Amino acid sequence: MKRLRGCFWIVAMTIFVPLFFSGCVSRRTVEIPQEYRSPPRPQTREKPAVPQSYTAPPPATQSGQGTILTPPPVIREKDLPVDSQPAPPAPKEKKPAGQPQRLASMHLVDQARVALAQNKADQAISLLEQAVQVDVYNGDAFLQLSRAWRIKRSREKALEFAKKAEILFHDQPPKLKEVYLLQADLYKDAGDHKRSQIYLQKAESLR
Numbered sequence: 012m013k014r015l016r017g018c019f020w021i022v023a024m025t026i027f028v029p030l031f032f033s034g035c036v037s038r039r040t041v042e043i044p045q046e047y048r049s050p051p052r053p054q055t056r057e058k059p060a061v062p063q064s065y066t067a068p069p070p071a072t073q074s075g076q077g078t079i080l081t082p083p084p085v086i087r088e089k090d091l092p093v094d095s096q097p098a099p100p101a102p103k104e105k106k107p108a109g110q111p112q113r114l115a116s117m118h119l120v121d122q123a124r125v126a127l128a129q130n131k132a133d134q135a136i137s138l139l140e141q142a143v144q145v146d147v148y149n150g151d152a153f154l155q156l157s158r159a160w161r162i163k164r165s166r167e168k169a170l171e172f173a174k175k176a177e178i179l180f181h182d183q184p185p186k187l188k189e190v191y192l193l194q195a196d197l198y199k200d201a202g203d204h205k206r207s208q209i210y211l212q213k214a215e216s217l218r
């Protein structure tokens, strides 16, 4: 029995010891022949991206203190030239009638005075209306129209024409005083003594 055990151990040692040492020994590198190797893949280089069009900004102005960025100019309304701004329309001035028209209008006024002296108010009014049509700026025509309508006892129309004569004679004191006295008489006829006194004072102030 002891002999069998000894034989078993001898056989075991002869099998496992070589296997143990063969595992510790470094393995040799096996080289593959060139004809059995696969050809290397060609290396592809990526093409650089083509940059898009780019507009470079204008160069900044240089100064002794460094780079200064210049902002774009600002155009204001006051910077525009005078010629580019539309001119306002000129106000239309009322031009008085020419010399022939004034003479013709005054001739009609003189005829109306004669008619008023004869107490012919209707005839005078017709002549004076023609005088106004010839020259609308004839203050004498409006003054005589006021007197003609006073004769016809139409104080409203008389005051209306007297007011127009007052406007046209604003820069002629002698004529304006004559209009004020007529307005004072018209307000006195209407029983308005307060206004009548006001126009009498206006007439006295134009001495």
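Going by the numbering used here, the sequence shown opens with residue 12, and the numbers climb by one from there.
For every residue, glycine included, the Cβ atom is placed at its ideal position computed from N, Cα and C.
None of the values given here were measured: they were computed from a predicted structure.
Whole-angstrom distance between residue j and residue i, CA atom to CA atom
i    : j    : result
A214 : Q208 : 10 angstroms
E140 : Q212 : 31 angstroms
Q155 : A142 : 11 angstroms
K163 : K174 : 18 angstroms
G150 : A132 : 18 angstroms
K205 : P111 : 42 angstroms
P99  : I178 : With a pLDDT of 48 at P99, under the threshold of 50, the modelled position of that residue is not reliable, and no figure is offered here.
D146 : N130 : 25 angstroms
V190 : Q122 : 20 angstroms
S116 : R124 : 13 angstroms
F180 : D203 : 24 angstroms
D182 : K188 : 11 angstroms
L119 : L170 : 22 angstroms
Y210 : A195 : 5 angstroms
A128 : A201 : 23 angstroms
L193 : K186 : 11 angstroms
7 angstroms Cβ shell around residue i - same chain, five flanking residues per side excluded
i    : result
K199 : S207
P184 : L217
Q134 : A126
I136 : L156 and A159
L138 : L119, Q122, A123 and A126
A161 : The question names Ala, but residue 161 in the sequence shown is Arg. Only A169 and L197 meet the Cβ criterion.
V36  : Here the model assigns V36 a pLDDT of 47, short of 50, so the residue's position is not dependable, and the following value carries that caveat. Around V36: no qualifying Cβ.
C-beta neighbour in chain B for residue i, strict 8 angstroms
i    : result
L170 : Looking for chain B here will not work: only one protein chain is present.
Cβ shell of residue i (< 6 angstroms), same chain only, five flanking positions each side left out
i    : result
F153 : F172, K175 and A176
L197 : R166, A169 and L170
D90  : Low per-residue confidence applies at D90: pLDDT is 48, beneath 50, and the placement is therefore not dependable enough to give any value.
Q144 : none
With a floor of 4 residues, list each alpha helix (DSSP H) that falls wholly inside the stretch 107-173, ordered by position along the chain. If you keep only unbroken alpha helix (DSSP H) runs of at least 4 residues inside the stretch 107-173, you get 110-128, 132-145 and 150-162.
Entirely enclosed alpha helix (DSSP H) segments - the stretch 175-203, minimum 4 residues: Within the stretch 175-203, the complete alpha helix (DSSP H) runs of at least 4 residues are 184-200.
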